[in-house]
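Peer 1: Each residue of the sequence shown is one higher than the one before, starting from 1 at the first, in the numbering used here.
Before I ask anything, let me first share the structure, which is written out below as structure tokens.
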Amino acid sequence: MSKKVLLVDDHPLILLGVNTFLTEQGYQIIAEASDGIEALLLADRLHPDIVILDIGIPKLNGIQVIYHLMAEDYPVNIIVFSSQELKHYIHACMQAGAAGYVRKNATLNTLLYAIESASLGHALFPHSALSGAESASLHPGTLSAKISPCERKVMGLLLQGKSNNDISRLLNRSPKTTSAQKKSLLKKLNVSSFAELLSLTAFESLKE
Numbered sequence: 001m002s003k004k005v006l007l008v009d010d011h012p013l014i015l016l017g018v019n020t021f022l023t024e025q026g027y028q029i030i031a032e033a034s035d036g037i038e039a040l041l042l043a044d045r046l047h048p049d050i051v052i053l054d055i056g057i058p059k060l061n062g063i064q065v066i067y068h069l070m071a072e073d074y075p076v077n078i079i080v081f082s083s084q085e086l087k088h089y090i091h092a093c094m095q096a097g098a099a100g101y102v103r104k105n106a107t108l109n110t111l112l113y114a115i116e117s118a119s120l121g122h123a124l125f126p127h128s129a130l131s132g133a134e135s136a137s138l139h140p141g142t143l144s145a146k147i148s149p150c151e152r153k154v155m156g157l158l159l160q161g162k163s164n165n166d167i168s169r170l171l172n173r174s175p176k177t178t179s180a181q182k183k184s185l186l187k188k189l190n191v192s193s194f195a196e197l198l199s200l201t202a203f204e205s206l207k208e
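What follows is the structure, given as structure tokens:
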């Protein structure tokens, strides 16, 4: 049975090219989305096996979408396909739980390799963005495995601009618990403040 793929990009020509290529390779393109909100709605309804995602999309950026998808109960491999080359964007995708990052100036065969690697339990990221013990064959979600599903939900709401009280109400928990999870996220994501985190993932800074 062919893998189900959701494509997310706000550039129609990119969608057309990737759709055509992956269809020829035997993948089933179940839907296309041009913004983050549409992507989440489609993913919730269709449960794709693979999501090919640009990070500079409107409404919710790609990193926000990754956090939301990784908090869901169904398994999904997320491959980021973006023209962004700055290391901190790539690291943010790794921390969110993406299974791979392919630059748009790479060949479509590289994208295919990233998809196939993720299906085998390995992640593919640019060597230039990796250091120390990190490698291009990381297991998907390695850097984010320490972030719990509840913390990912908190992260997703924070990136939507929700306040501490908003998050507590939406997740039906006490403000004290929410504050504790926010502090835990700062430590796990190795950032000193939420201003730093939000500046990293703010939509305007990701717009391509």
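Where is the CB? At the ideal position from N, CA and C, for every residue including glycine.
Everything numeric in this text was worked out from a predicted model, so none of it was measured.
Which residues does DSSP list as the beta-bridge partners of residue 165?
Peer 2: Paired residue(s): none; residue 165 is not in a bridge.
Peer 1: In the structure shown, what three-state DSSP assignment does residue 137 receive?
Peer 2: With a pLDDT of only 41 at residue 137, under 50, the local geometry of the prediction cannot be trusted, and the value read off the model is given with reservation. Note: residue 137 maps to coil in three-state DSSP.
Peer 1: Which same chain residues, not among the five before or five after residue 40, have their C-beta less than 8 Å away from its C-beta?
Peer 2: 60, 65, 68, 69
Peer 1: Leaving out the 5 sequence neighbours to the left and right, which residues in its chain are closer than 7 Å to residue 42 when beta-carbon positions are compared?
Peer 2: 6, 31, 33
Peer 1: Take every Cβ of the stretch 94 to 102, pair it with every Cβ of the stretch 5 to 24, and state whether three or more of those distances are shorter than 8 Å.
Peer 2: no
Peer 1: If you run the structure through DSSP and keep just helix, strand and coil, what is residue 123?
Peer 2: Coil.
Peer 1: Rounded to the nearest angstrom, how far is the Cβ of residue 50 from that of residue 79, given a contact under 8 Å?
Peer 2: So it is a contact: roughly 7 Å between Cβ atoms.
Peer 1: Could you tell me if residue 16 is buried or exposed, where buried requires 16 or more neighbouring beta carbons within 10 angstroms of its beta carbon?
Peer 2: exposed
Peer 1: In its own chain, which residues sit with a C-beta less than 8 Å from the C-beta of residue 157, not counting the 5 before and 5 after it?
Peer 2: 166, 167, 170, 171
Peer 1: In the DSSP assignment, the alpha helix (DSSP H) including residue 187 goes from what residue to what residue?
Peer 2: 175 to 188
Peer 1: Quick check: residue 76 and residue 58, are their CB atoms within less than 8 Å of each other?
Peer 2: no
Peer 1: Would you mind stating whether residue 93 and residue 55 have Cβ atoms separated by less than 8 Å?
Peer 2: Yes, the Cβ-Cβ distance between residue 93 and residue 55 is below 8 Å.
Peer 1: Could you please give the first and the last residue of the uninterrupted alpha helix (DSSP H) stretch that includes residue 17?
Peer 2: 12 to 24
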